[in-house]
Structure formats: C-alpha cells, structure tokens
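Below: the structure, in structure tokens.
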Amino acid sequence: MDFGGTKMALATADDHGMILHRADIPTLSDAHDAISRALEVAHELINRTETQYQSRLRRVGVATMGITQDSGVLLAPNVAGWRELRLPQLLHTAFNGIPVLIANDVKSAALAELKWGALQGMDPALFVNLGTGIAVALIASGRIIQGAHGASGEIAYNPLTEHDCRGVRDDVAPLEERVGGGAIQRRARDELGWDLDAGELLRQAPRDPVIRMWLDPILRTLSFQLTHLVIALDPARVVIGGGLAKVHEVIFPYLRQSFDSFVPFPPEIVIAHFERDAGLMGAIALALDGSQAVHGG
5 MDFGGTKMAL ATADDHGMIL HRADIPTLSD AHDAISRALE VAHELINRTE TQYQSRLRRV
65 GVATMGITQD SGVLLAPNVA GWRELRLPQL LHTAFNGIPV LIANDVKSAA LAELKWGALQ
125 GMDPALFVNL GTGIAVALIA SGRIIQGAHG ASGEIAYNPL TEHDCRGVRD DVAPLEERVG
185 GGAIQRRARD ELGWDLDAGE LLRQAPRDPV IRMWLDPILR TLSFQLTHLV IALDPARVVI
245 GGGLAKVHEV IFPYLRQSFD SFVPFPPEIV IAHFERDAGL MGAIALALDG SQAVHGG
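Going left to right, the sequence shown walks through residues 5 to 301 as my numbering numbers them.
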C-alpha cells in the first residue's frame, strides 16, 4: 500500500516482487475516509489473489507520507487529519495477525531503487524525490539512514538563507514552498496567471524564454541546496525520482553545473528506475525485507 497526497496505490505481489493485482484510488477527502476506502480495496485484492493463486497473505508493506508514530503521523500536511491518524493501530487491526511494516514513502521508494533499481551497488548514494513534496533518502553501507526519529532527509524544512526565521515549528517548509511542485504551480498562477502544473511549466521552459527565466531562480535554489548535501555525503550516484523527474532534461543541467563547480568529486546523476510506481514497489520491498521499516509489527 502506497499512501500519497493525491492517490493511493495498492497491490498484491509474489515473493519475487512481481505485482499480481493492483488498484489506484484517489485520496480525495480526509484521512479516515481515505484509509477506510483503501482497506476495503486492499481486502478485495487479497481475496482475489488468494482465490486465483491458492495463496495466503504473508506480510503487508506500507509506504506513507510523513513520519509514522503510534499517536499520529508527523510532517504530513497534505491530507486533512493525517497528522492525527493512528496508522499502526488501524493497520494491525485491519490485518489481524499479519505482520505490517510501515515506512516513509520517499525512503520506501529508495528501498525499491536499492533492491531492484538505480541504487543497486551504489554506496554511499542519494535518492532525491522531486514532486509535490521535496525529500531525500541517504544510503550508506547498503542501508537507508533513518535518523534518530525516522526524519533523515526531510530537506523540505531547510532554510533558504541565514535570515529565515520561520520553519517547522511554524508549519512552514521553506525549501518545499520554494521548489516543490505544488508551490511552483501556485506561484505561477498567483504571480503570472498561468494555470499550468509544475511539470508542464518545466516541459515548456526550453521553448518559452519567459517561463525559462521565471523558473531559473527556482532551479538554482534547488541546485544550491542539493550541492551542500552532495558535498557532505560524497555519494557515488544521485538518483532523481518523483513526478518532476519526468522533466529531468530541464533540471539535470542545473544540477550538473552546480556539482561540477563546487563538489570535489561530482557524482553521477541518473533518473530513477521506477518512474511511476516507486512508492508502491517500495511497499512491496518492505514486505519482502522488513529490516528497512521504520515501524514494524
């Protein structure tokens, strides 16, 4: 199960990670309604799979936005009520007796890339999710670094300058509100009257000098922030995933120029192997290898 701000992807898979049955449903309204609909669809998929393959459910892997705790989900502002959601309790009740493994969606996507995709054999490495949300996963010694509170890589909360005074304590994510896909779309509409999403703006940038000029400082900010991280980690490879990775031909030149100028040993930059189903494949990887889960049971 992959819980996202706009859609939820669910699937059953075999022991090799091959998807057997799947469904995609919109997240839509509040958190409890979304979870109820997701669990209903999940059980339908399970029943269909067990009937067709004469099999049984062994584990449940869940990739979700935010940082999951027993009392709620932190750093997940995009769906009303998600913060108050007692996700582990709900899932353990829904799948009584079945191990449930829960992890952050970006770390789950990185796990899929580590197991089957562009992060295989790369150590250390960096997975960057560019979409509505902005976050990274750090890979070292063949594992994803979780951090003391499961919050490593939450760079959405990076201050943009030394003069910033509002951040996570004010429910402000300075970097995400500058370079996140949703923020780009809102600013383009408010400042310029363009009713285009971030992906479309980036696709049009090479042939539209006005859009290109407007996006330039945004992409420079992104490159500036990631350059600091790359210098600190010295990764062998940087893998770019998320919805905006589809327009990597516009983003990559900014990253390469900055890395080449400032990083002592510039890493390779590649697009993620799982462009569409990274979170879902990460949830499957969690179910196959629960050792990377933040919250198990």
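Glycine included, every Cβ here is placed at the ideal spot set by N, Cα and C.
Applying the criterion that 16 or more other CB atoms from any shown protein chain within 10 Å of the CB defines a buried residue, is residue i buried or exposed?
i      : result
Glu166 : exposed
Leu79  : buried
Met12  : buried
Leu32  : exposed
Gln93  : exposed
Asp220 : exposed
Glu180 : buried
Met69  : buried
Thr53  : buried
Asn133 : buried
Do the CB positions of residue i and residue j come within less than 8 Å of each other?
i      : j      : result
Phe263 : Pro270 : yes
Gly157 : Val140 : yes
Trp120 : Met285 : yes
Val242 : Ile273 : yes
How many Å lie between residue i and residue j at the Cα?
i      : j      : result
Gly185 : Arg216 : 16 Å
Leu206 : Thr136 : 14 Å
Arg261 : Ile255 : Residue identity differs from the one stated: residue 261 is Gln in this sequence, not Arg. Whole-angstrom Cα-Cα distance: 10 Å.
Cys169 : Arg182 : 15 Å
Gly301 : Ala67  : Legend: pLDDT at Gly301 = 49, less than 50; position of this residue unreliable, no value from coordinates given.
Arg211 : Ile39  : 42 Å
Gly151 : Glu195 : 38 Å
Ile222 : Gly21  : 37 Å
Gly146 : Val214 : 43 Å
Phe228 : Ile159 : 12 Å
Tyr258 : Gly171 : 26 Å
Asp174 : Asn108 : 22 Å
Asn51  : Ser112 : 25 Å
Ala202 : Pro163 : 22 Å
Leu49  : Asp293 : 21 Å
Out of the options, which one is the CA nearest neighbour of residue i?
i      : options                           : result
Ile244 : Ala129, Asp293 and Met285         : Ala129
Asp127 : Ala240, Pro213 and Thr16          : Ala240
Glu44  : Asp18, Gly171, Met5 and Val110    : Met5
Asp74  : Arg63, Leu91, Arg147 and Leu61    : Leu91
Trp218 : Leu233, Thr231, Ile235 and Trp198 : Trp198
Phe7   : Arg62, Gly21, Val83 and His20     : Val83
Ala249 : Ile138, Leu179, Asp28 and Ile148  : Ile138
Phe131 : Ile288, Gly294, Ala289 and Ala282 : Ala282
Ala276 : Gln208, Asn100 and Gly247         : Gly247
Assuming residue i contacts residue j (C-beta within less than 8 Å), just tell me the rounded distance between them.
i      : j      : result
Ile71  : Ala114 : Not really, about 15 Å apart at Cβ, beyond 8 Å.
Val24  : Tyr57  : First, the residue type needs correcting, since residue 24 is Leu and not Val in the sequence shown. Leu24 to Tyr57, Cβ: 7 Å. Contact.
Leu105 : Gly65  : 5 Å
Val267 : Thr231 : 6 Å
Looking at chain D, is there any beta carbon in it that lies within less than 8 Å of the beta carbon of residue i?
i      : result
Pro270 : In summary, chain D is missing from the structure at hand, where a single protein chain is found.
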